[in-house]
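Each number in our numbering comes from the position in the sequence shown (counting from 1) with 1171 added on.
Beta carbons: idealized from backbone N, C-alpha and C, even for Gly.
As structure tokens, the structure follows; a few thoughts come after it.
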Amino acid sequence: MPLLHLFRHPGLSATETANLLRAARARASSAITGLDTEFCFNVDAERPLSGDEHRVLTWLLAETFEPQGCGERSFLANAGGGLEVGPRMNFSTAWSTNAVAICRACGLATVRRIERSRRYRLTADRPLNDDEIAAFLALVHDRMTECRYAHPLASFASGVVPEPVVQVPLLAQGRRALERINRELGLAFDDRDLDYYTDRF
């Protein structure tokens, strides 16, 4: 089943937006003149939600004092210059684990995973080049755990096929076996690591 998308606007407070705009102008491009933000909640459910379930989910994800800022359509959709970043697909985030637990406590047992991405709409005096966009993205996401979404997410499938499990014959071959697997897999073990794991096993 395709992901359900709910949006909350704005994604940042006025102060956070002003601070990010200042940083973007200083470190990405002085051509940037404006910035708008929203959250996108990417929801994976076992089946389509009923009307009541959808209302509960929307209530949970809406800002308490500004419920009108949450909806099924992007608040930034009709303007160009949109960029989206969010968690990599190969693991569920702690935020998702908590969100799913709250959903289940509220009777939404069908929700399997929710990941929150951040969407940015930049306005500028001229079109931004790839280097300027990359510099802006570097300000707003952690490349180790997050990535840019070139298109809205349709699923959480990463397309990554895990490699088969490898057994290291440490008892039979000793440290030599660790040294070999260290070279083959690029594990970057130093002598201390190799000694430690050899001694442990």
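8 Å contact criterion, which residue i and residue j should meet: CB distance rounded
| i | j | result |
| --- | --- | --- |
| Thr1204 | Leu1183 | At roughly 17 Å, the Cβ-Cβ gap does not stay under 8 Å, so Thr1204 and Leu1183 are not in contact. |
| Gly1242 | Glu1234 | Contact doesn't hold; Cβ gap of about 12 Å is too wide. |
| Gly1345 | Thr1369 | 7 Å |
| Leu1206 | Leu1310 | Their Cβ separation, rounded to whole angstroms, is 11 Å, which puts Leu1206 and Leu1310 out of contact at 8 Å. |
Cutoff 8 Å; reference residue i; Cβ partners in own chain excluding five residues on either side
| i | result |
| --- | --- |
| Arg1319 | Leu1254, Glu1255, Val1256, Leu1308, His1312 |
Distance between residue j and residue i (C-alpha atoms, nearest Å)
| i | j | result |
| --- | --- | --- |
| Ala1195 | Ala1306 | 8 Å |
| Arg1347 | Leu1341 | 8 Å |
| Asp1362 | Val1339 | 17 Å |
| Ile1304 | Thr1188 | 17 Å |
| Ser1193 | Cys1211 | The displayed chain sequence assigns Arg, not Ser, to residue 1193. Cα-Cα distance, rounded: 24 Å. |
| Thr1186 | Val1337 | 50 Å |
| Asn1300 | Ala1199 | 10 Å |
| Leu1220 | Glu1334 | 35 Å |
| Gly1365 | Asp1302 | The sequence as given places Leu at residue 1365; Gly does not occur at that position. Approximately 41 Å between the Cα atoms of the pair. |
| Phe1236 | Thr1229 | 14 Å |
| Ala1321 | Phe1262 | 19 Å |
| Phe1372 | Ala1343 | 11 Å |
| Ala1359 | Tyr1367 | 14 Å |
| Ala1197 | Leu1356 | 40 Å |
| Arg1354 | Ala1248 | 48 Å |
| Ala1270 | Val1332 | 27 Å |
| Ala1272 | Arg1314 | 27 Å |
Within 9 Å, strictly: CB atoms of residue i and residue j
| i | j | result |
| --- | --- | --- |
| Asp1215 | Val1282 | yes |
| His1176 | Pro1323 | yes |
| Phe1178 | Ser1245 | yes |
| Phe1327 | Arg1284 | yes |
| Glu1217 | Met1172 | yes |
| Asn1213 | Arg1287 | yes |
| Ala1280 | Cys1274 | yes |
Own chain residues within Cβ distance below 6 Å of residue i, not counting five before or after
| i | result |
| --- | --- |
| Ala1202 | Ala1295, Asp1296, Arg1297 |
| Pro1181 | Thr1208 |
| Ile1352 | Val1339 |
| Pro1238 | none |
DSSP bridge partner residues for residue i (one or two, in chain order)
| i | result |
| --- | --- |
| Arg1289 | Phe1210, Val1256 |
| Gly1242 | Phe1178 |
| Gly1205 | Thr1294 |
| Cys1318 | Gly1257 |
| Asp1215 | Arg1284 |
Sequence-distant residues of its chain with Cβ nearer than 7 Å to residue i (five each side left out)
| i | result |
| --- | --- |
| Cys1277 | Val1227, Leu1231 |
| Thr1316 | Pro1258, Arg1259 |
| Ala1325 | Pro1173, Leu1174 |
| Glu1350 | Leu1365 |
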